[in-house]
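Step one of this worksheet: look at the structure below.
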Amino acid sequence: MGETIAAELGSHGVDFSFAPVADLDYGRSSVIGDRAFHRNPNAVAHLAAAFRAGLRSRGMAAVAKHFPGHGFVAADSHAETPVDERPLATLEKDDLVPFGVLVRQGVEAVMPAHVVYPAVDARPAGYSRIWLQEILRRRLGFRGLIFSDDLSMAGARIAGDILARAEAAYEAGCDMLLVCNDPGSAGAVLSRWKPAPQPELARRTASLAYRG
51 MGETIAAELG SHGVDFSFAP VADLDYGRSS VIGDRAFHRN PNAVAHLAAA
101 FRAGLRSRGM AAVAKHFPGH GFVAADSHAE TPVDERPLAT LEKDDLVPFG
151 VLVRQGVEAV MPAHVVYPAV DARPAGYSRI WLQEILRRRL GFRGLIFSDD
201 LSMAGARIAG DILARAEAAY EAGCDMLLVC NDPGSAGAVL SRWKPAPQPE
251 LARRTASLAY RG
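The opening residue of the sequence shown carries number 51 in this note's numbering; numbering runs sequentially from there.
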């Protein structure tokens, strides 16, 4: 499947995809649902790794999502901000397993969830330096790019207006910001937001291009 997707997108000049979904299918989340490969974290790890291998066989980079795991919560982050009350130890035993495997295999990019895990941080993962800097980068050793999830989603609005969302995601450690379904907001970010230089981003971008 990964090879097929990469071949079809590659024929149109697209060399990366926002896939694979590395969430677990707990049977609770309608927005994740059968986008997840399986409930078992080891099965998801194997299948997501195979999917990425298919992408790479045709020169395509992968983006693992939705870190650290969106499958347990019933709420849809497109419409509201979900809250996952589980402790970090439970997340580490289950939901983080596929991401850890993909990171060790060199996955090119990761996308965090617009989900709050209050046992770890009061902010959604995509706005959390704990999740992105301490856990993803330091503990798991991830060195690739971090893409925000779509900042026009309702789950992202907890940070304020679109400029506040962009700044919150950037300050937390997102290298690339997505504004997918609100052209006016995308224009506002492009014209009004002035991020501080981030030398490490240039190095990660160069590395991604080289590996691709």
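Built from N, CA and C at the ideal position, the CB exists for glycine as well.
### Query
Would you call the stretch 132-144 and the stretch 97-108 in contact, with 3 or more CB pairs under 8 Å?
no
### Query
P168: which of Q183, D73 and P132 sits nearest, CA to CA?
P132
### Query
For V166, which three-state DSSP category applies?
strand
### Query
How is L195 classed by DSSP in three states: helix, strand or coil?
strand
#### Entry: Chain-order list of residues whose beta-carbon lies under 7 Å from that of A95 (same chain, five-residue window excluded)
V147, P148 and V151
### Of the listed residues R173, F117 and D232, nearest to A159 (C-alpha basis)
F117
### Query
Taking the C-alpha atoms as reference points, what is the distance between R215 and G156?
28 Å
### Task
Please confirm whether L201 and A238 have their CB atoms less than 8 Å apart.
no
### Task
Return the residue from the list V153, A57, H164 and P70 that minimises the CA-CA distance to R193.
V153
### Of the listed residues R179, E217, A111 and S198, nearest to A56 (C-alpha basis)
A111
### Query
Do the CB positions of A124 and S79 come within less than 8 Å of each other?
yes
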